[in-house]
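Protein chains in written order, with the numbering used here: chain B, -8 to 268; chain Y, -8 to 268; chain V, -8 to 268.
Beta carbons are placed, not taken as given, at the ideal position from N, Cα and C, and that holds for glycine.
Step one of this worksheet: look at the structure below.
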């Protein structure tokens, strides 16, 4: 796509979400679950969160996309997540995967391995998580060391470009890597976006809620456009919210307000760099 | 009751809550659980949340009322909720039911069906949830179509009046329906209340936290007065909070502040329309 | 330690946390889990929350300290908590225990009893919880009546001094009691600290998030210094945040901002009274 085509698609996606109030249900961690919902509502979507297997299947049927975040796994997820991703695949519904906590625990490992064949439309993570997932799915010519520490990254976004491209080429979807400069790729084209705020890493759930917002956009656009729209609105709202914020909590309030205020024209006009892979 | 009697009772209920700091424990969803607690604290109550069966029973014994919200069911609820509502009934303690997500999943269906005989003192929901519950409990002469979508309503409050009245007549308690114009009925009298804010549907947990606040008032008043007091304080605080809010998050902060600031005289003097059924 | 030595240690602890961004993982309740994480991030730490047994063990290995809060127990905690505290002890890692809800339910009772031999480095609670835990562990010469009501205290901090000292002498660590005047003791020396805000008891999670922040400081200091640093930064930030707050929600935003803004010199210079036991 040309940059102009991408910008037109961004505008269409954001406009459609604000017009239609589409629902993207989530199976997500309990730490940031409220922020995920509030961010989804702020950009014009509707939220619903579930834990039980048949409710995951029900939400796969009810919505146009879903968000699956691997933080704070509960025992029931051993059944819920396989049944939900199967229902999504069977129904041809796209979903966003956030591999939070990759490397911690046997259940997360087993589930993330199994997701390889279910090809999430968008994978969103920090640099270390994206490298770790590409390693786990054996998509790199040479395994790369990933510096996951708890839920934080110790790798740079550039370090994760090869992994992001490999993941996107495998899924046929898109990958978004969050960092000081964000990266979004569909395996053919890669966009780099600047913005955000020094305060974003100081609130819990910046990344998780971006995953949820991306799922909202995914109800009305392609994986690449959804991932790019989400990343842009976060960079735009983050930069605006930082002005006048006295600390991370006043930043968070302003940030959600700015997510709500950002319109389709502003998001489509936001600067990004594009390169071919 | 005459309007004057209702207003005197509203004033007494709000005054008693602020004086006594009564506890109403909750079994509620993980999305909005913090907001429920903070709203309960803001109006003068005390909050405690539990998941396990014997803890539900313990809270039924310890408090003067409880709040049960059906969002984000966990597997243990299959045991916790029946034991808790039985303990509440055996102890003669009133409780508030919020049938969030009605229509989704087998466990929620089974639990909601079983609650018919446990007669919650207050049922709170949006129009679609109230219609769906009256259908489920077979209280309508003719089944009515309910437009539940995830956790959102697609029906109007007037559409739900027949269902609300039927539910209240069955339980002998009260029903509160949230919408652009709110409705509270005890099956004999129905009040309509205006207010709130365009931002309330844009934050997650507006309805859930109203349920929790209603349970606090229920510790010190009848179901009808508790439901009316909760609805009024939400309409009053919502309208005040919207002024000067830049978006949904600054609205939410201001809204909790206004819940805290609203006093008994203001709540008792708030406008509502009353009609006999 | 002399007061001057304590102040130097406070300064070192706060400085090290801001420099190193240390992680303290938590197993904590779902009501205040987001606030715990955001408070930990605000003071310079890193947060990660888990529920599953092998993830608790993994976090015991990955971090320098942990936070265990007994609110909203889930069934899986019956396995997770014993395995996690064993892993912490085997690895010689310190942890903070917050005995929220003590007295409610069989699982909480069993777990809290078993923790006696695992000697948490810091125990943090309100007066009633501290008395109840000292009773449960049979550390008092004469059992003392504890007024736990749900999650609230009905005892004064002075009432809890004997229990706090007894607990600290048993564990060899420190105990922090939250109240109008806070108390921190290592069983040999006891500090009393004033400050905070009338709004702190009106937001849910003031105590829980203090426990999480204490665990962050515990990664870089002794139990007594960690407990004192946490208590001081809460008293300092609370007093500052109250100025200009319109209610509990605007207070909470300002409070997290002030946690972020408080520097090592201010925390070290904060007033406290010291006495020998």
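Assign residue i to one of three DSSP states: helix, strand, or coil.
i: residue 161 of chain Y; result: helix
i: residue 272 of chain Y; result: Because chain Y here runs from -8 to 268, residue 272 of chain Y falls outside it and cannot be looked at.
i: residue 261 of chain B; result: coil
i: residue 40 of chain Y; result: strand
i: residue 198 of chain Y; result: helix
i: residue -8 of chain V; result: coil
i: residue 60 of chain Y; result: strand
i: residue 269 of chain Y; result: The requested residue 269 of chain Y does not occur in the structure, where chain Y is confined to residues -8 to 268.
i: residue 211 of chain V; result: coil
i: residue 122 of chain B; result: helix
i: residue 117 of chain V; result: strand
i: residue 177 of chain B; result: coil
i: residue 93 of chain B; result: coil
i: residue 70 of chain B; result: helix
i: residue 266 of chain Y; result: strand
i: residue 22 of chain Y; result: coil
i: residue 15 of chain B; result: strand
i: residue 103 of chain V; result: helix
i: residue 169 of chain V; result: strand
i: residue 88 of chain Y; result: strand
i: residue 137 of chain Y; result: coil
i: residue 155 of chain B; result: helix
i: residue 236 of chain V; result: coil
i: residue 256 of chain Y; result: helix
i: residue 112 of chain V; result: coil
Any chance the CB of residue i is under 8 Å from a heavy atom of the ligand PLP?
i: residue 188 of chain Y; result: Judged by which ligands are present, the structure shown has none, so any question about the ligand PLP falls away.
If you drop the 5 nearest sequence neighbours on each side, which residues of the same chain put their C-beta closer than 7 Å to that of residue i?
i: residue 39 of chain Y; result: 14, 16, 50
i: residue 232 of chain V; result: 188, 242, 245, 246, 249
i: residue 48 of chain B; result: 74, 75, 78
i: residue 32 of chain Y; result: 38
i: residue 154 of chain B; result: 121, 122, 125, 131, 135
i: residue 30 of chain V; result: 200, 203, 204, 247, 250
i: residue 229 of chain B; result: 186, 187, 188, 191, 246
Take residue i and list the residues in its own chain whose beta-carbon comes closer than 6 Å to its own, dropping the five residues that flank it on each side.
i: residue 37 of chain V; result: 12, 14
i: residue 218 of chain V; result: 113, 165, 167, 175, 205
i: residue 110 of chain Y; result: 162
i: residue 222 of chain B; result: 167, 173, 175, 184
i: residue 96 of chain Y; result: none
i: residue 212 of chain Y; result: 4
i: residue 85 of chain B; result: 56, 112, 209
i: residue 263 of chain Y; result: 182, 184
i: residue 169 of chain B; result: 117, 198
i: residue 101 of chain B; result: none
i: residue 226 of chain V; result: 184, 186, 187
Which residues in the same chain have their Cβ closer than 8 Å to the Cβ of residue i, if we skip the five residues on either side of it in sequence?
i: residue 43 of chain B; result: 67, 71
i: residue 104 of chain Y; result: 127, 128
i: residue 28 of chain B; result: 17, 38, 40, 203
Taking the alpha carbon of residue i as the point to measure from, which residue in the options has its own alpha carbon closest?
i: residue 53 of chain V; options: V:146, V:195, V:83, V:94; result: V:83
i: residue 8 of chain B; options: B:267, B:227, B:251; result: B:251
i: residue 24 of chain Y; options: Y:177, Y:198, Y:265; result: Y:198
i: residue 117 of chain Y; options: Y:196, Y:101, Y:45, Y:161; result: Y:196
i: residue 122 of chain Y; options: Y:263, Y:90, Y:99; result: Y:90
i: residue 106 of chain V; options: V:230, V:119, V:69; result: V:69
i: residue 171 of chain Y; options: Y:62, Y:28, Y:202, Y:150; result: Y:150
i: residue 46 of chain B; options: Y:228, Y:61, Y:33; result: Y:61
i: residue 57 of chain Y; options: Y:-6, Y:230, Y:214, Y:239; result: Y:214
i: residue 179 of chain B; options: B:266, B:6, B:28; result: B:266
i: residue 63 of chain B; options: B:108, B:81, B:253, B:92; result: B:92
i: residue 220 of chain Y; options: Y:108, Y:253, Y:65, Y:148; result: Y:253
Counting only Cβ pairs nearer than 9 Å, list the residues of chain C close to residue i.
i: residue 25 of chain V; result: Of the protein chains in this structure, namely B, Y and V, none is chain C.
Assess contact between the segment 233 to 249 of chain V and the segment 186 to 195 of chain V, defined as three or more Cβ pairs (one per stretch) separated by less than 8 Å. Is contact present? Taking one beta carbon from each stretch, the segment 233 to 249 of chain V and the segment 186 to 195 of chain V have 3 or more pairs nearer than 8 Å; the two touch.
**Prompt:** Is the segment 171 to 190 of chain B close to the segment 122 to 138 of chain B, with three or more CB pairs under 8 Å?
**Reply:** No contact exists between the segment 171 to 190 of chain B and the segment 122 to 138 of chain B.
(request) Give a yes or no on contact between the segment -8 to 7 of chain V and the segment 256 to 264 of chain V, applying the rule of three or more CB pairs nearer than 8 Å. (result) The segment -8 to 7 of chain V is in contact with the segment 256 to 264 of chain V.
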